[in-house]
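Residue numbering for the sequence shown follows the working numbering, beginning at 1 and increasing consecutively.
Note that the Cβ used here is the ideal one computed from N, Cα and C, for glycine as well.
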Amino acid sequence: MIQQNRRYPIGIQTFSEIINRGCVYVDKTDLMWQAQNLSKYIFLSRPRRFGKSLLTTTFKSFFEGRRELFEGLKVMELEQEWLEYPVIHVDLSMAKGMDTVEELRGRLSFLLKPYVERYDVKEDLQHPGGTFTGLIRAAYEKTGKQVVVLIDEYDTPLLEVLHEDVQLPAFRKVMQEFFQTLKASEAMIRFCFITGITRFSQVSIFSTLNNLNNITMLPQFSAICGITETELSTTLAPDIALLAESEGCTPEEMHARLKYCYDGYHFCERSEDIYNPYSLLNSFANKRVSNYWFESGTPTFLIEQLKRFKTDITALEPWQVPETTLQRPTQTLTSALPLLLQSGYLTIKDYDREMRMYNVVIPNQEVRVGLTESLLPAYCGIEVEDVQDGFAARFYRALKKSDLDLALREMQAYFAGLPYIEGFKRKLDDAVKAEGFYEWTFYLIFSMLNVYVRTQVKTIRGRADMVVEMPDAIYVFELKINGIAQEALDQINSKGYAIPYQTDARRVIKAGLRFSTETLSIEDWVTDDLQ
């Protein structure tokens, strides 16, 4: 009999509250215990809403000696002493939206205030780093025990100004002053745990803290945040069954659907498959599968950096990158790739040890569709609602029936009816000399429709502009701006762009398309089946 009244910790990121409320909890306490035994100073990077805050508060309860909260959990077989330490927990997500250095210093002082009052420390409002130093010393001296320092979302103040050349160095200096006490207070610290999304270098932020152990890409901690395949199949098996019952399908079918939508994260070359915990738990709570991670918001800093580095969004996957690129500190980035990886929009697929190269891809369908919705306005000047309002369903149904002519007529009408918003007109003017704009638009629309699309697909004799794969058909596209559609189809044939798919059981359709910069739409097309 499945328990119907399962409680889910939606909006709850505090370990003690989750346990006291009897919410569903996936036990990570063995990994927590291993991490605190690995090193005194630990750093972990994970995407937003991936369980970093929950892990931080689990450390808090553990070091406060609250043994009763851990009854029945894995750590009970590992920990023998259960000592109580003074804990300083600072959540820097509360320092979001600071416009000036003075505001940032004021917010840091505000976050330390509860501990300042507890240990009767004199505040230094102009230099919260000095207050932090005094606080650690006071806690150590008054309790006679080393101090545990937990810093959650350390990079939030910096991400807000990542694209600003003047503000970023100024904010970085304030944070460096704040964190430099961690090294100076080493003898008084029992354990220090720092989380964030990105990885600013130790030189730029953590100053002399050269013993900070970054466990972000260590295989033994790949599952310390997120839900593994094993955990989904065991701890959360009742929840899959309840969701399947609500959706009118079998648990096996629902498991496959959840895997398609939320699985696929890998945080190192030997990582387990990891599911997005935020989306999983929201699906179980709401009895509905949806794009919850993206509905919670796309970071502004990421879109700004994609535009800053002129990122070709059609080349996001598969992307082969050297190991050194992924390890590059945030402040020295020359591309948006590391940010996309650290933020969860790309993930590691595999690793070539000989070449020391990573293959990175978009992890799952939720990220693919959500990223598309975020990028359409930024890259093409098209609002998501314009695509979703009728056109998407008609276009997708036509493709599903392998009726490419009908699908392209739908797209022709769609382009012709687009509103002339300023950003779109400007991008269309630029597109007179660049097929890239139309490739971006096609790529994003196809991706938004849950269709697998690749651009600039390499063959032995060149690159096909676009290849779209459906369950029953493969489409090979070549685009011409103010050219001739037949010439585009001839290029597909002469270059053999469709030949790699000739052994595929699906129907293979070749299509030459002509875009007109006068009508701002698809003007003509020619199609042919692969013989």
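{"Query": "When the Cα of E295 is compared with those of W33, R7 and R49, which residue comes out closest?", "Result": "R49"}
{"Query": "Is DSSP giving Y501 helix, strand or coil here?", "Result": "helix"}
{"Query": "With DSSP run on the structure shown, which of helix, strand or coil describes E410?", "Result": "helix"}
{"Query": "Going by the beta-carbon positions, is the gap between T527 and D405 smaller than 9 Å?", "Result": "yes"}
{"Query": "Given 8 Å as the limit, is there contact between the segment 50-65 and the segment 188-201, that is, 3 or more CB pairs closer than that?", "Result": "yes"}
{"Query": "Considering only residues of the same chain and omitting the five flanking positions on each side of A138, which have a CB-CB separation below 6 Å?", "Result": "Y119 and V121"}
{"Query": "For I151, which beta-bridge partners are listed by DSSP?", "Result": "V90 and I194"}
{"Query": "Determine the closest residue to Y115 out of V87, E523 and L408, with distance taken between C-alpha atoms.", "Result": "V87"}
{"Query": "Curious, which full-length alpha helix (DSSP H) runs of at least 4 residues does the segment 197-282 contain?", "Result": "229-233, 237-247 and 251-262"}
{"Query": "Would you be able to state if there are at least three C-beta pairs under 8 Å between the segment 81-99 and the segment 244-259?", "Result": "no"}
{"Query": "How is the beta strand (DSSP E) around A511 delimited, first residue to last?", "Result": "R507 to S516"}
{"Query": "Does any C-beta atom of chain B lie closer than 9 Å to the C-beta of I445?", "Result": "This model lacks chain B altogether; it includes just one protein chain."}
{"Query": "How long is the line joining the alpha carbons of A473 and F442, rounded to whole angstroms?", "Result": "17 Å"}
{"Query": "Kindly give me the distance between the Cβ atoms of S335 and L302, rounded to whole angstroms, as I take these residues to be in contact under 8 Å.", "Result": "About 13 Å; that fails the 8 Å criterion."}
{"Query": "What would DSSP say about Y8, mapped onto helix, strand or coil?", "Result": "coil"}
{"Query": "Whole angstroms are fine: how far does the CA of A187 sit from the CA of Q146?", "Result": "8 Å"}
{"Query": "Sorted by chain position, which residues of the same chain lie with C-beta nearer than 6 Å to P219's C-beta, five sequence neighbours on each side aside?", "Result": "C268 and R270"}
{"Query": "Using the Cβ count rule (16 or more neighbours within 10 Å means buried), how would you classify G22?", "Result": "exposed"}
{"Query": "Please classify M175: does DSSP put it in a helix, a strand, or coil?", "Result": "helix"}
{"Query": "Quick one: using the 10 Å Cβ neighbour count with 16 as the cut-off for buried, is V203 buried or exposed?", "Result": "Confidence in V203 is poor, its pLDDT being 47 and thus under 50, which makes the residue's placement unreliable; the coordinate value appears in the next sentence. Exposed, since its Cβ has fewer than 16 Cβ neighbours within 10 Å."}
{"Query": "Which residue from D263, R66 and Q491 puts its Cα closest to that of I348?", "Result": "D263"}
{"Query": "Going by DSSP in three states, F309 sits in which element: helix, strand or coil?", "Result": "coil"}
{"Query": "Between which two residues does the alpha helix (DSSP H) harbouring P128 extend?", "Result": "P128 to T143"}
{"Query": "Tell me whether Y260, by its Cβ, gets closer than 8 Å to a heavy atom of the ligand FMN.", "Result": "Looking at this structure, you won't find the ligand FMN or any other ligand, since it has none at all."}
{"Query": "Alpha carbon to alpha carbon, what distance is there between I522 and A431?", "Result": "With a pLDDT of only 45 at A431, under 50, the local geometry of the prediction cannot be trusted, and no value is derived from it."}
{"Query": "Quick one: grab the DSSP three-state call for P169.", "Result": "helix"}
{"Query": "If I measure Cβ to Cβ from I509 and keep anything under 8 Å in the same chain, skipping five residues before and after, which residues do I get?", "Result": "S402, L404, A473, I474, Y475, V476, T527, D528, D529 and L530"}
{"Query": "Please state whether the Cβ-Cβ distance between Y275 and I240 is less than 9 Å.", "Result": "no"}
{"Query": "When we look at the beta-carbon of D152 and count the other beta-carbons within 10 Å, is it buried (16 or more) or exposed?", "Result": "buried"}
{"Query": "For S521, does the three-state DSSP call read helix, strand or coil?", "Result": "strand"}
{"Query": "Just list the alpha helix (DSSP H) runs in the segment 44-72, keeping only unbroken ones of 4 residues or longer that don't cross its boundaries, in chain order.", "Result": "52-63"}
{"Query": "Please classify A511 as buried or exposed, where buried requires at least 16 other C-beta atoms within 10 Å of its C-beta.", "Result": "buried"}
{"Query": "May I ask you to verify whether the segment 30-38 touches the segment 69-80, counting CB pairs closer than 8 Å and requiring at least 3?", "Result": "yes"}
{"Query": "State the DSSP-derived secondary structure class of D120, mapped to helix, strand or coil.", "Result": "coil"}
{"Query": "Mind checking I136: buried by the 16 CB within 10 Å criterion, or exposed?", "Result": "buried"}
{"Query": "Apart from the five residues on each side of it in sequence, which residues of its chain come closer than 8 Å, Cβ to Cβ, to G65?", "Result": "W82, L83, E84 and Y85"}
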